[in-house]
Structure formats: C-alpha cells, structure tokens
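Just so you know, the protein sequences line up as chains A and B, in that order.
Residue numbering for the first sequence is -3 to 109, as defined by the working numbering.
Residue numbering for the second sequence is 20 to 135, as defined by the working numbering.
Below: the structure, in structure tokens.
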Amino acid sequence: GDSVTQMEGPVTLSEEAFLTINCTYTATGYPSLFWYVQYPGEGLQLLLKATKADDKGSNKGFEATYRKETTSFHLEKGSVQVSDSAVYFCALSGDTGRRALTFGSGTRLQVQP
Amino acid sequence: DAGITQSPRHKVTETGTPVTLRCHQTENHRYMYWYRQDPGHGLRLIHYSYGVKDTDKGEVSDGYSVSRSKTEDFLLTLESATSSQTSVYFCAISEGGIHPTNEKLFFGSGTQLSVL
C-alpha cells in the first residue's frame, strides 16, 4: 500500500538558517503530494502541494519539488523564522476512490532566536 | 477558516466505557474523515464518509464505528474504550471534486482523548 517516510525530528535550527525536511514515498500510479503544517494546539493546514512530476509547490517561502525518479518531495526554506516552529507532515493522495491522504509521521521543527 | 467544530475538545474516560466524538461542518462538503494522531505514527485514517449513510473503513478501524445521518455531522464511537485508544482525534473534510488526487483537506482543532 501507499506509504510516506519522513526524517526523524526534532530539527533544531537558529533563525535565518536553511531548512530541509526529507520526504520519500511509495505509491502506485501517480499520486499528488502535499506538505501540511501543524502549529501548537491546532489542526493541520495545507502548506503546499504538487500534483505531477517536476511540479514545484511553494508558499510562505517554503518550496518542495515532486521528484518521480527519486520518489521524493523534500521541503525547503531558505531562511527560517521562530514563527515557523511547528510539526510538518508530508502526505500523498493516491488514485483511490476514498480521496483520503496517507501521512508521514511528522517532523517537529524548533527555531531558536 | 473552514467551518469545522469538534466536540468535546478534551475527554477523560475509563476503560470499557463507550465514547462518542462529534464533528460538525458548515461547508456542505461531501467527504468527512476521522484520523488519529500518535507520536511516531503521524495521522492514521480510522473511518471516512463519502455521503450521508455512506461510510467505509480506514487503516485502523478496529474498535471504532461511525455514523453520518446528516451531511454536516460525522460521529465517531469507541464502542468499549481501551488505553490504546488514548490519542488526539482529528476530523477532516474535503469537497470531493472531480479530481480526487488534487483534494485539499481541512482539519478541525482535534479532540484529546485519555482512556484510564
């Protein structure tokens, strides 16, 4: 079945550092890929998405490129802020009728001033 | 923000008791989901619904049942709560458009359930 693997956390960075959170996936067909973010005490919200190979999703300075050849969708940001501290989830939507997402285990990011 | 309300926000219960969690939406979206969030596992799908009275199992459905008698409400019932069901439960909705692989989920704020 479909699965998503994310790097273990927590990731601790200083403000203005470069961020990479790795995500790889296993799926049949041509899934869509997503990054969701969860701030403390809140539900998840969509950060960005890509629906086909070589697409780049971007939002709020975050970017991720859909790499079919390496089955990856790594999240990057050039300069993190304290307000980016959150848990980040990689997810995929397979070609199934239920339209449910398969999530990775999440990566906690802590940004220190 | 999508109009999703989960109740209760926090619940403490004892092993063996039934528990019902409620998800209410004001968006008239067709699809509704229940996920549980646990450390090291991320979010795992319990059950989902694709319309009134239309529901199906997710990957961790044992010990849970659901009902959807109205578009706006999706209930999750733990028939006899166990300590392994201590978790944070999230309801999510999606519009159910014609491109299923492009779906965006909207999440509620979650219910923290503790089973003692």
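From the three backbone atoms N, C-alpha and C, an ideal C-beta is built for every residue, glycine too.
Computed from a predicted model, the values in this text were never measured in an experiment.
Reduced DSSP category for residue i - H, G, I as helix; E, B as strand; rest coil
{"i": "Q77 of chain A", "result": "coil"}
{"i": "S84 of chain B", "result": "strand"}
{"i": "S68 of chain A", "result": "strand"}
{"i": "S102 of chain B", "result": "helix"}
{"i": "Y26 of chain A", "result": "coil"}
{"i": "D50 of chain A", "result": "coil"}
{"i": "G90 of chain A", "result": "coil"}
Whether residue i touches residue j by CB criterion (7 Å)
{"i": "V107 of chain A", "j": "E11 of chain A", "result": "yes"}
{"i": "F85 of chain A", "j": "L29 of chain A", "result": "no"}
{"i": "A49 of chain A", "j": "G90 of chain A", "result": "no"}
{"i": "T101 of chain B", "j": "V85 of chain B", "result": "no"}
{"i": "E76 of chain A", "j": "L9 of chain A", "result": "One point to set straight first is that residue 76 of chain A is Val, not Glu, in the sequence displayed. Taking 7 Å as the Cβ cut-off, V76 of chain A and L9 of chain A qualify as a contacting pair."}
{"i": "L94 of chain B", "j": "A96 of chain A", "result": "no"}
{"i": "V107 of chain B", "j": "T32 of chain B", "result": "no"}
Whole-Å CB distance - residue i paired with residue j, under 8 Å assumed
{"i": "D(-2) of chain A", "j": "L71 of chain A", "result": "Not a contact, Cβ separation roughly 19 Å."}
{"i": "S68 of chain B", "j": "R87 of chain B", "result": "4 Å"}
{"i": "Q44 of chain B", "j": "G22 of chain B", "result": "6 Å"}
{"i": "L42 of chain A", "j": "K123 of chain B", "result": "5 Å"}
Beta strand (DSSP E) segment containing residue i, residue limits
{"i": "K76 of chain B", "result": "73 to 76"}
{"i": "E12 of chain A", "result": "No beta strand (DSSP E) holds E12 of chain A; DSSP gives it neither H nor E."}
{"i": "T1 of chain A", "result": "-1 to 2"}
{"i": "D57 of chain B", "result": "50 to 57"}
{"i": "E91 of chain B", "result": "Taken as a continuous stretch (DSSP letters only), E91 of chain B belongs to no beta strand (DSSP E), as it is neither H nor E."}
_the stretch 32 to 39 of chain A / the stretch 33 to 53 of chain B touching (three or more Cβ pairs under 8 Å)_ = no
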